[in-house]
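K.L.:
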């Protein structure tokens, strides 16, 4: 085989794995999905070879004003390495290191005056919360015209190891351990996995990187209280922090698949950030790269 054919073969193999790892359960992942922690309804929906794409209108509080924007939530299950805490390229060969996670990518975009913000948070929560009770990894990148920051949490034995890279002198490039606690970023993945249920009462929680950056708060585990009310079709959760002037509400649909209907963030500045569901699609988005696929953006009612 000449060098060109070898190269072409390697590219084909890599492409095959990158596409199929989102679409296809490995044998080990399938056994995890059916270990008694999930239902047939859950498996039929979340292991169908598609992701759930949810678009939201956004009213974002920033610099003392409300900014119009949009949010996209991408929920999808993936084979994940327990040791490396990355998506597996070859889950069939990973054995017990392969666990199934619910991944949430939250993409938030809005404009402040002449320049815009783009914020992406990725959270990886085990589907089998009985065996793996803590989110394995969460990271957030914030890009705007001043520069960008990147913060990541990796689960250790008794703590989250946090690394942060920032263009701000006060933050610099920092690294520290934070005691294991609920991450605010994982509340939505837990709602999708756990039949729209969250722990109630006082909990230890780590507030999100966006709040930390926007309000100059050092990331830490702190006390928060979770409460809930119910209406005909929704469960409404309120998360109130004890030491910080932050209150979050999340409205989740009562019926499967427990979609996030809306949420608000009140950070004590007199303005409320609010996101409301516009449209949902179930699509294998990783395969939809052609210009003809741009029609899906119109279906999601995304801004141009």
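In the numbering used here, the protein residues as written are 23 to 326.
Every residue gets a Cβ at the ideal spot worked out from N, C-alpha and C, and that includes glycine.
Rounding to the nearest angstrom, what Cα-Cα distance links residue 45 and residue 306 in this structure?
P.N.:
A caution first: residue 45 carries a pLDDT of 43, below 50, which makes its placement in the model unreliable, though a value can still be read off. Cα to Cα, the separation comes out at about 8 angstroms.
K.L.:
In terms of DSSP beta bridges, what is residue 130 paired with?
P.N.:
Per DSSP, 93, 141.
K.L.:
I need the DSSP call for residue 324, collapsed to helix, strand or coil.
P.N.:
Note: residue 324 maps to coil in three-state DSSP.
K.L.:
Could you give the first and the last residue of the continuous alpha helix (DSSP H) run that contains residue 311?
P.N.:
First-last for residue 311: undefined, no H or E at that position.
K.L.:
Using only alpha-carbon positions, find the residue among 214, 178, 286 that is nearest to residue 295.
P.N.:
Ranking the options by Cα distance to residue 295, first place goes to 286.
K.L.:
Looking only at C-alpha atoms, which of 221, 159, 130 sits nearest to residue 148?
P.N.:
For the residues 221, 159, 130, the minimum Cα distance to residue 148 belongs to 159.
K.L.:
Could you pull the DSSP bridge partners for residue 169 from this structure?
P.N.:
Residue 169 is bridged to 166.
K.L.:
Could you tell me which residues DSSP puts in a beta bridge with residue 289?
P.N.:
DSSP, once it has assigned bridges, lists no residue as partnering residue 289.
K.L.:
Are there 16 or more other CB atoms within 10 angstroms of the CB of residue 189, so buried, or fewer, so exposed?
P.N.:
Classification for residue 189: exposed.
K.L.:
Taking 8 angstroms as the CB-CB limit, is residue 245 close to chain C?
P.N.:
This model lacks chain C altogether; it includes just one protein chain.
K.L.:
Which residue comes first and which comes last in the alpha helix (DSSP H) that contains residue 249?
P.N.:
No alpha helix (DSSP H) holds residue 249; the beta strand (DSSP E) holding it covers 243-252.
K.L.:
Are the region 129-141 and the region 84-99 touching by the rule of at least three beta carbon pairs closer than 8 angstroms?
P.N.:
Touching, yes, given that three or more Cβ pairs across the two stretches are closer than 8 angstroms.
K.L.:
With a CB to CB cut of under 6 angstroms and the five nearest residues on each side skipped, what residues in its chain are close to residue 281?
P.N.:
Excluding sequence neighbours, residue 281 sits near 275.
K.L.:
Using 8 angstroms as the threshold, is the C-beta distance between residue 249 and residue 260 below it?
P.N.:
Yes, these two residues count as a Cβ contact at 8 angstroms.
K.L.:
Thinking C-alpha only, which one of 291, 105, 155, 95 is nearest residue 128?
P.N.:
Checking every option, the nearest Cα to that of residue 128 belongs to 95.
K.L.:
By the 10 Å Cβ neighbour count, where 16 or more other Cβ atoms means buried, how is residue 57 classified, buried or exposed?
P.N.:
Only weak support exists for where residue 57 lies, its pLDDT of 41 falling under 50; the value from the coordinates is given anyway. The residue in question, residue 57, is exposed, as its Cβ has fewer than 16 Cβ neighbours within 10 Å.
K.L.:
Roughly how many whole angstroms lie between the Cα atoms of residue 224 and residue 264?
P.N.:
So the two alpha carbons sit approximately 9 angstroms from each other.
K.L.:
Can you find the residues in the same chain that come closer than 8 angstroms, C-beta to C-beta, to residue 192, ignoring five residues on each side of it along the sequence?
P.N.:
Closer than 8 angstroms at Cβ, skipping near neighbours: 238.
K.L.:
Taking 8 angstroms as the threshold (C-beta atoms), are residue 73 and residue 108 in contact?
P.N.:
Not closer than 8 angstroms, so no.
K.L.:
What's the C-alpha gap between residue 233 and residue 156?
P.N.:
The straight-line gap from Cα to Cα measures roughly 21 angstroms.
K.L.:
Between the Cα of residue 298 and the Cα atoms of 211, 79, 227, 226, which residue gives the shortest distance?
P.N.:
Checked all of 211, 79, 227, 226; the closest Cα to residue 298 is 79.
K.L.:
Between residue 199 and residue 174, what straight-line distance do the alpha-carbon atoms span, to the nearest angstrom?
P.N.:
If you take the alpha carbons of residue 199 and residue 174, they lie about 11 angstroms apart.
K.L.:
With a Cβ-Cβ cutoff of 8 angstroms, do residue 119 and residue 103 count as a contact?
P.N.:
Yes, these two residues count as a Cβ contact at 8 angstroms.
K.L.:
Please state whether DSSP places residue 223 in a helix, a strand or coil.
P.N.:
Of the three classes helix, strand and coil, the one that applies to residue 223 here is strand, per DSSP.
K.L.:
Let's see if you can read the secondary structure: which residues bound the beta strand (DSSP E) around residue 79?
P.N.:
Here the beta strand (DSSP E) through residue 79 covers 73-84.
K.L.:
Hey, out of 278, 231, 291, whose CA is closest to residue 66's CA?
P.N.:
Ranking 278, 231, 291 by Cα distance to residue 66 puts 278 first.
K.L.:
If we count the other Cβ atoms within 10 Å of its Cβ and call it buried at 16 or more, is residue 54 buried or exposed?
P.N.:
Here the model assigns residue 54 a pLDDT of 37, short of 50, so the residue's position is not dependable, and the following value carries that caveat. Buried.
K.L.:
Thinking just about the alpha-carbon of each residue, which of 247, 246, 230 is nearest to the one in residue 240?
P.N.:
Among 247, 246, 230, the Cα nearest to that of residue 240 is on 230.
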